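J.: I'd like to ask you about the structure that follows.
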Amino acid sequence: NISTHRPVIRQLDDAAINRIAAGEVVERPASAVKELVENAIDAGATRIEVAYADGGKTLIRVSDDGCGIEGADLPLALSRHATSKIDGSDLLDIHTFGFRGEALPSLGAVGRLTITSRAEGDAAQLRVAGGEMDPVKPAALSRGTVVELRDLFYATPARLKFLRTDRAEAQAITDVVKRLAMAEPHIGFTLRDVSGGGEGRVTFQCPPENGDLFDALHARLSTILGRDFAENALPIDALREGFRLTGYAALPTYSRGAAVAQFLFVNGRPVRDKLLYGALRGAYADFLSRDRHPAAALFVTCDPKLVDVNVHPAKSEVRFREPGLVRGLIVSSLRHALAEAGHRASSTVAD
Ligand code: ADP
Ligand code: MG
7 NISTHRPVIR QLDDAAINRI AAGEVVERPA SAVKELVENA IDAGATRIEV AYADGGKTLI
67 RVSDDGCGIE GADLPLALSR HATSKIDGSD LLDIHTFGFR GEALPSLGAV GRLTITSRAE
127 GDAAQLRVAG GEMDPVKPAA LSRGTVVELR DLFYATPARL KFLRTDRAEA QAITDVVKRL
187 AMAEPHIGFT LRDVSGGGEG RVTFQCPPEN GDLFDALHAR LSTILGRDFA ENALPIDALR
247 EGFRLTGYAA LPTYSRGAAV AQFLFVNGRP VRDKLLYGAL RGAYADFLSR DRHPAAALFV
307 TCDPKLVDVN VHPAKSEVRF REPGLVRGLI VSSLRHALAE AGHRASSTVA D
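Residue numbers (UniProt numbering): 7 to 357.
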């Protein structure tokens with residue numbers, strides 16, 4: 007009651023601020039995996055391994071062979087809004103996955119995080135739990151970075167209750183890793199379920215692919231979506247007014263009963279964007295019956311200034327400056343490819 011009780015405005019401490027921010031950045035184990043794998047990609051890794059236990063609830067560990075972090079910089083990497091990726095002067099010109107400098111401090115606020123890294127100097131390690139940072143210690147690591155996150159959400163039990171079964175969370179982790187693996191065919195990925203300890207079991211693996219981007223992507227899609235997809239996929243490469251569309255779109259005969267094989271990327275970032283899904287659907291409208299869904303992995307690339315990826319912390323939504331242009335590019339280039347492949351309207355085949 008405002009008339010009798012004067013409200014007090016106070017500055018929240020860092021631990022509280024990080025927990026609040028974490029609520030936006032880290033929804034579930036898969037979002038932690040996404041942030042950590044994106045960091046490994048940004049670090050120039052050529053091989054990335056993701057291990058998880060109990061659907062990622064008790065353990066997530068991401069190891070990379072990227073550029074590493076100097077021991078003296080570890081506390082900074084774990085601090086809020088500290089990033090090596092932008093200088094803040096142009097938020098519309100972003101070339102890396104990360105830029106907010108929020109992931110590591112957020113993860114350190116909602117779980118027990120240990121980061122071990124080696125750059126030029128000696129390897130070092132830093133632990134953070136519930137937002138409390140230990141001093142940096144010497145460690146042993148030949149190169150790159152290992153981030154281990156234990157007991158995600160132990161500090162926020164309310165969030166813990168919203169998690170789904172281990173199986174469902176593991177599925178979401180797999181999905182995230184596969185999408186990022188499609189975006190980065192030159193990087194090798196290994197996913198391991200280490201529930202119960204030990205080496206665990208490899209649940210997904212793709213080797214680093216060589217060759218130009220089309221060949222590498224084709225090989226990668228074949229590993230992830232199966233040879234069947236790769237054999238039925240048409241290469242797409244189209245350009246319109248600064249927007250390029252590349253990737254593979256499957257023949258209508260390879261359509262699915264649900265929209266489970268639609269992978270869309272903007273400037274290398276996996277997105278779930280209504281505009282893009284709508285354009286994909288529109289492109290196939292004349293070739294598929296209403297209950298069938300196309301399969302495709304498509305990449306829109308453009309000058310970062312033509313798209314805002316700063317819409318949401320989880321960054322799976324984007325905003326184009328010229329949505330009509332992007333839609334038109336997708337619809338016309340896919341239609342053209344499908345028509346060329348000789349498929350008449352509404353020719354469909356059941357699974
Ligand atoms: P952001 O990715 O938005 O910069 P993060 O909190 O994810 O913010 O990471 C903070 C910083 O820590 C990064 O800018 C980067 O310099 C460093 N960093 C994080 N993960 C790695 C990694 N795997 N390899 C090398 N440097 C890393
Ligand atoms: Mg990051």
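Glycine included, C-beta positions come from ideal geometry on N, C-alpha and C.
Please read these numbers as outputs of a predicted model, since none were measured by experiment.
In terms of alpha-carbon separation, which member of A343, L132, A164 and M139 lies closest to D20?
T.: The residue labelled residue 20 in the question sits at position 14 within the sequence shown. D20 has its Cα closest to that of M139, out of A343, L132, A164 and M139.
J.: According to DSSP, simplified to helix, strand and coil, what is Y290?
T.: As a working note, residue 290 is residue 284 in the sequence shown. Residue state, collapsed to three classes: helix.
J.: Could you check if I75 belongs to the surroundings of the ligand ADP, using beta carbon to heavy atom distance under 8 Å?
T.: Mapped onto the sequence shown, residue 75 falls at position 69. Yes, the ligand ADP has a heavy atom inside 8 Å of this Cβ.
J.: Which value, in whole angstroms, describes the spacing of the CA atoms of A38 and V134?
T.: Residue 38 sits at position 32 when you count from the first residue of the sequence shown. Residue 134 sits at position 128 when you count from the first residue of the sequence shown. Their Cα atoms are separated by approximately 15 Å.
J.: Verify whether the separation of the beta carbon atoms of P111 and I66 is less than 9 Å.
T.: On the sequence shown, position 105 is the one that residue 111 refers to. On the sequence shown, position 60 is the one that residue 66 refers to. No; because the gap between Cβ atoms is not below 9 Å, this pair is not in contact.
J.: Would you tell me roughly how many angstroms separate the C-alpha atoms of S338 and A345, rounded to the nearest one?
T.: Locating residue 338 in the sequence shown gives position 332, where the first residue counts as 1. Locating residue 345 in the sequence shown gives position 339, where the first residue counts as 1. Between S338 and A345, the C-alpha separation is close to 10 Å.
J.: Rank L240, T209 and Q131 by C-alpha distance to the C-alpha of R173 and give the top, closest one.
T.: The residue labelled residue 173 in the question sits at position 167 within the sequence shown. With distances taken between Cα atoms, R173 lies closest to T209.
J.: What are the boundary residues of the beta strand (DSSP E) that A303 is part of?
T.: As a first step, residue 303 is located in the sequence shown; it is residue number 297 there, counting from the start. Per DSSP, A303 belongs to the beta strand (DSSP E) from A302 to C308.
J.: Let me know if S352 comes out buried or exposed under the rule of 16 or more other beta-carbons within 10 Å of its beta-carbon.
T.: By 1-based counting over the sequence shown, the position of residue 352 is 346. Note that S352 scores 46 on pLDDT, short of 50, meaning its location in the model is unreliable; the coordinates nonetheless yield the value given after this. Answer is exposed; the Cβ neighbour count stays below 16.
J.: Classify D357: buried if its beta carbon has 16 or more other beta carbons within 10 angstroms, exposed otherwise.
T.: Here residue 357 refers to the residue found at position 351 when the sequence shown is read from its first residue. Its pLDDT being 43, under 50, D357 is placed unreliably by the model, and the measurement read from it follows with that caveat. Classification for D357: exposed.
J.: Starting from D243, follow the beta strand (DSSP E) in both directions and report where the run begins and ends.
T.: Counting from one through the sequence shown, the residue named residue 243 turns up at place 237. First-last of the beta strand (DSSP E) with D243: A239 to R246.
J.: Buried or exposed for R350, please, with buried defined as at least 16 other CB atoms from any protein chain shown within 10 angstroms of its CB.
T.: The residue given as residue 350 occupies position 344 in the sequence shown. For R350, the predicted structure reports a pLDDT of 46, less than 50, and the residue's modelled location is therefore unreliable. A value from the coordinates is still provided. It is exposed - the Cβ of R350 has fewer than 16 other Cβ atoms within 10 Å.
J.: Under a three-way DSSP split, which group does D218 fall into?
T.: Against the sequence shown, residue 218 aligns to sequence position 212. In this structure, D218 counts as coil in the three-state DSSP scheme.
J.: Please identify the residue among R86, E33 and I54 whose C-alpha is closest to the C-alpha of N24.
T.: Here residue 24 refers to the residue found at position 18 when the sequence shown is read from its first residue. Residue R86 is the option with its Cα nearest to N24.
J.: Could you work out which residue in L227, V152, K40 and E44 is closest to A255 when comparing CA atoms only?
T.: Position 249 of the sequence shown, counted from the first residue, corresponds to residue 255. The shortest Cα separation from A255 among L227, V152, K40 and E44 belongs to L227.
J.: Roughly how far, in whole angstroms, is the beta-carbon of A46 from the beta-carbon of G72, given that I think they are within contact range, below 8 Å?
T.: Residue numbering aside, residue 46 sits at position 40 when the sequence shown is read from its first letter. Residue numbering aside, residue 72 sits at position 66 when the sequence shown is read from its first letter. Yes, they are in contact, since the Cβ atoms of A46 and G72 sit about 6 Å apart, within 8 Å.
J.: In the DSSP output, which residue or residues are listed as bridge partners for E76?
T.: Indexing the sequence shown from 1 puts residue 76 at position 70. DSSP output for E76 lists no bridge partner at all.
J.: Hey, is E108 close to the ligand ADP, as in C-beta under 8 Å from one of its heavy atoms?
T.: Position 102 of the sequence shown, counting from 1, holds the residue named residue 108. Yes, the ligand ADP has a heavy atom inside 8 Å of this Cβ.
J.: Helix, strand or coil for G232? Go by DSSP, reduced to three states.
T.: The count along the sequence shown starts at 1 and reaches residue 232 at position 226. It is coil, neither helix nor strand.
J.: Which partner residues does P276 have in the DSSP bridge list?
T.: Walking along the sequence shown from the start, residue 276 turns up at place 270. Answer is F271.
J.: Anyone know if the C-beta pair for P214 and I193 falls short of 9 Å?
T.: Counted from its first residue, the sequence shown places residue 214 at position 208. Counted from its first residue, the sequence shown places residue 193 at position 187. Contact: yes.
J.: Quick one: complete beta strand (DSSP E) runs, 3+ long, within the segment 54–114?
T.: For the segment 54–114, whole beta strand (DSSP E) runs of length 3 or above, ordered along the chain, are 65–70.
J.: Hey, how far is the Cα of A239 from the Cα of V142?
T.: Locating residue 239 in the sequence shown gives position 233, counting from the first residue. Locating residue 142 in the sequence shown gives position 136, counting from the first residue. For A239 and V142, the distance between alpha carbons rounds to 50 Å.
J.: Would you list the residues sitting across from Q131 in a DSSP beta bridge?
T.: In the sequence shown, the residue the question calls residue 131 occupies position 125. DSSP, once it has assigned bridges, lists T122 and K143 as partnering Q131.
J.: Check whether the segment 145–159 touches the segment 88–107, taking contact to mean three or more Cβ pairs, one atom from each stretch, closer than 8 Å.
T.: No, the segment 145–159 does not touch the segment 88–107.
J.: Taking only three categories from DSSP, how would you classify residue 405?
T.: Outside the shown range of the chain, which is 7 to 357, sits residue 405, and nothing can be said about it.
J.: How big is the Cα-Cα spacing for R325 and R278?
T.: Your numbering for residue 325 matches position 319 in the sequence shown. Your numbering for residue 278 matches position 272 in the sequence shown. One C-alpha to the other measures close to 12 Å.
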